[in-house]
Every structure is written in C-alpha cells, then in structure tokens.
Amino acid sequence: MCFCKAFFFSVFFFQIDIFTSIIYYPSTMYELVVESRFAAAHQLRGYKGKCENLHGHNWRVTVAVTAERLNDQGLAIDFADVKKALRDALDQLEHTFLNDIFPFTQINPSSENVAKWIYDHVGKKINNGNLEVSSITVWESESASASYFE
Ligand SMILES: [Zn+2]
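Per numbering that gives the first Met the number 0, residue 0 is the first one in the sequence shown, and the count goes up by one each step.
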C-alpha cells in the first residue's frame with residue numbers, strides 16, 4: 000500500500016472512530032440554573048447616549064452550572080450552595096456605584112463586563128472536577144441581557 004492510501008485509510012478510520020464515539024458513548028450532562036437580583040448604579044464612560052449619565056438598574060442574574068455526574072442523593076449540587084455562591088458575589092455589588100469597584104474603575108461596568116466579573120467570582124466557589132459555571136446572564140432590564148461563558 001502506498002503512503003497516500005495508508006494516509007487516506009488512517010484518516011478515514013480515525014473519523015469513523017470519532018463518529019462512533021459520539022453515537023455510542025454520549026457524555027451525560029446536567030444543568031442547574033439559579034437566579035438572583037441586586038440593585039446598583041453605573042455609568043458608561045465614553046458612551047454617547049443616556050447610559051453615559053449616572054443611573055441605576057435592578058439587575059437580574061442567572062447562573063448556569065453544569066455537571067457530568069450526580070452525587071449519592073441524585074443532585075449535581077445543592078441549589079442552596081449555588082444560591083450562596085451567587086449571593087456572596089452579588090453582595091459585593093449590592094447598592095454600590097459599580098464604577099467605584101475594581102475592575103470597573105478601569106473598564107466599563109457594562110452588562111457584559113459585570114457578567115464576566117460574576118462568572119469569575121462564582122466560578123471560584125463552584126468549579127471542581129465535576130461542576131462548572133457554564134454561563135452567567137445579566138439582565139439590566141426585562142428585555143435586555145448579556146451572557147458570559149467560556
Ligand atoms: Zn445602565
């Protein structure tokens with residue numbers, strides 16, 4: 000068999016192997032979603048419009064946590080533990096002027112950046128070999144949200 004044929008067949012069978020792995024050995028995944036709220040003010044520097052002015056929102060935040068395995072009680076994680084991790088993060092923002100809190104002293108406290116900040120803080124408490132914060136969604140109004148995930 001020439002090199003070209005050997006290469007073709009090795010690529011061909013490698014692809015079949017990946018395909019059968021996906022079909023016959025699916026990985027299971029669970030997702031939990033917890034929601035909470037906080038009130039805070041902000042202003043967007045350099046933004047030409049109303050949001051450049053100091054104003055506040057009643058922010059709504061949802062955290063999604065994924066897990067591959069359940070514990071002996073059939074839980075990915077206790078909802079209370081996710082709520083506490085989220086609350087601990089949001090308490091640092093509650094009733095503040097976000098622009099005074101690092102890193103929003105340097106970057107705009109946009110919904111996108113606030114979502115990333117919460118993602119990092121909640122992730123430090125939740126993430127382990129099985130659990131992972133998969134996304135944070137921040138709603139600054141009933142009709143506008145931004146999500147962060149990696
Ligand atoms: Zn705003």
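Built from N, CA and C at the ideal position, the CB exists for glycine as well.
DSSP bridge partner residues for residue i (one or two, in chain order)
{"i": "Gly158", "result": "Residue 158 is absent from the structure shown; the chain starts at 0 and stops at 149."}
{"i": "Ser146", "result": "Thr136"}
{"i": "Tyr29", "result": "Ala66"}
{"i": "Phe96", "result": "Ala40"}
{"i": "Glu34", "result": "Thr61"}
{"i": "Leu130", "result": "Ala66"}
CB of residue i within 9 Å of CB of residue j, strictly
{"i": "Tyr46", "j": "Asn107", "result": "yes"}
{"i": "Val81", "j": "Leu31", "result": "yes"}
{"i": "Asn57", "j": "Phe78", "result": "no"}
{"i": "Phe96", "j": "Ala40", "result": "yes"}
{"i": "Ser133", "j": "Ala63", "result": "yes"}
{"i": "Trp116", "j": "Arg59", "result": "no"}
{"i": "Tyr118", "j": "Glu67", "result": "no"}
{"i": "Ile135", "j": "Thr61", "result": "yes"}
{"i": "His54", "j": "Asp87", "result": "no"}
{"i": "Ile100", "j": "Leu89", "result": "no"}
{"i": "Asn129", "j": "Ala75", "result": "yes"}
{"i": "Ser110", "j": "Ala143", "result": "yes"}
Range covered by the alpha helix (DSSP H) that runs through residue i
{"i": "Leu69", "result": "Run containing Leu69: none; DSSP gives neither H nor E here."}
{"i": "Glu111", "result": "Ser110 to Ile125"}
{"i": "Ala88", "result": "Phe78 to Asp90"}
Requested in this report: Let me have the residue list for ligand 1: C-beta closer than 6 Å to any non-hydrogen atom, ordered along the chain.
Outcome: Every residue with a CB closer than 6 Å to a heavy atom of ligand 1 is listed here in chain order: His41, Cys50, His54, His56 and Glu139.
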